[in-house]
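In our numbering, each residue carries its 1-based index in the sequence shown increased by 1277.
Positions of the beta carbon are idealized from the N, C-alpha and C atoms, including for glycine.
It should be emphasised that the depicted structure is a prediction, and the values quoted were computed from it without experimental measurement.
Report on the structure given below.
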Amino acid sequence: MSLQAFEPRDDDRRPPASELLEIVQRGLRAKLKQLPSWLFYDERGSQLFEQICEQPEYYLTRAEIALLDVHAAEIADVLGPDVRLVEYGSGNAIKTRLLLEHLSSPVSYVPVEIASASLKASVERMAEQFPRLPMQPLYADFTRPLRLPIPPRAPRRTIVYFPGSTIGNFEQRDAIQLLRKMRDEMGMAGGILVGADLKKDVALIEAAYNDRAGVTAEFTLNMLARINRELGSNFNLDAFRHRSHYNPLAGRIETHIISLCEQKVRIGRMQASFAEGEAMLVEYSCKYSPTDFAAIAAKAGLEVAQVWFDPEVLFSVQYLVRKGPAVQA
Ligand code: AVJ
């Protein structure tokens, strides 16, 4: 079997507890308090995210799967034979399977993931479904430069696959930087396949981040529970609440954790003071029109070769390639 020995390479690890402490303290010392959204995804947070995907209001996952149901064969056609598929993150078994099923003689599958348990689980699952496909899991933080493993044979092109609208978590400037990094990693003949949620009716977007069952609120507050667990801090989860609003000027959902009263919280040796009503930023989920996305792609030296939509036109999958040389005027 082509499963390479599962030896996590420790190129770029997520921070150990001491760095976690520093990151949290820095975020809470700032005038506008802020914590990074990747802090959501401990084991409990990843479970809760999967539950979010099943909520009736959260259309993103269903729309992207519907898109692939309709268009995966055509996407695979556009990518061509002998592709090396590098996936940023690895928690997308259904989507990746829909794509891989249609690819013609793929060279290898390279999931890039920092949560070693998820990486291992997804490789095992994929190896079962695609027993002849070489798997080259890379244990790394995909926001950092990657050293891709040497492929088992020469690929015709390297495709960086970034589904799920995870790019929406990055501010425009950071999204452009990340696309630039993908462009470096895909090489000259490569391409990027990225899922991007579309701008649409604001009520529909806001409902997706404020499900009636309260799963998203629990997901958001789990960040505080995680900090309590891992750093021994004393956030009282009943004294904070989740708030997600669409900011139409910025074109994004902004999720905050709101302090319900004046209170102090201990994080290591530090004490953070919260005013009543004070908001701490924990996530952006940026929404793009096709024109918006073409503009950030261009700023990263890329052009949109093709875009696909789901039947309800809620979500897009964008195929980006290197921008041709500027034509002289
Ligand atoms: C996994 C980043 C795509 O922003 O829609 C879902 C995360 N946050 N509900 C998103 C999330 C709240 C999700 N992404």
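When distances are taken from the beta-carbon of residue 1535 to the heavy atoms of the ligand AVJ, even the shortest one reaches 6 angstroms or more. Around the beta carbon of residue 1499, 16 or more other beta carbons sit within 10 angstroms, so the residue counts as buried.
In this structure, residue 1530 and residue 1562 form a Cβ contact; the two beta carbons are roughly 4 angstroms apart against a cut-off of 8 angstroms. Residue 1559 is a Cβ neighbour of residue 1532, given a cutoff of 7 angstroms.
For residue 1597, the three-state secondary structure derived from DSSP is strand. Not a single heavy atom of the ligand AVJ lies less than 6 angstroms from the C-beta of residue 1487. The residue from 1584, 1596 and 1576 with its alpha-carbon nearest to that of residue 1450 is 1576.
With a cutoff of 6 angstroms, residue 1369 does not count as near the ligand AVJ, since its C-beta is closer than that to no heavy atom of the ligand. Residue 1472 is bridged by DSSP to 1594.
Exclusion of the five residues before and after residue 1518 leaves 1494, 1498, 1534, 1535 and 1537 as the residues of its chain whose Cβ lies within less than 8 angstroms of its Cβ. As a beta-bridge residue in DSSP terms, residue 1541 pairs with 1550.
In this structure, 1362 is the residue among 1362, 1473, 1601 and 1298 with its C-alpha nearest to the C-alpha of residue 1384.
Here residue 1581 is near residue 1571, since their CB atoms are less than 7 angstroms apart.
For residue 1472, the shortest C-beta to heavy atom distance toward the ligand AVJ is 6 angstroms or greater. Contact between residue 1579 and residue 1460 holds: their C-beta atoms lie close to 6 angstroms from each other, under 8 angstroms. Judged by DSSP secondary structure, residue 1454 falls within the alpha helix (DSSP H) whose first and last residues are 1449-1463.
The nearest non-hydrogen atom of the ligand AVJ is less than 6 angstroms from the C-beta of residue 1445.
Each residue's CA atom was taken as its position, placing residue 1410 and residue 1388 some 13 angstroms apart.
By the neighbour-count criterion, in which 16 or more other beta carbons inside 10 Å mark a residue as buried, residue 1322 falls on the buried side.
Rounded to the nearest whole angstrom, the C-alpha separation of residue 1347 and residue 1474 is 17 angstroms.
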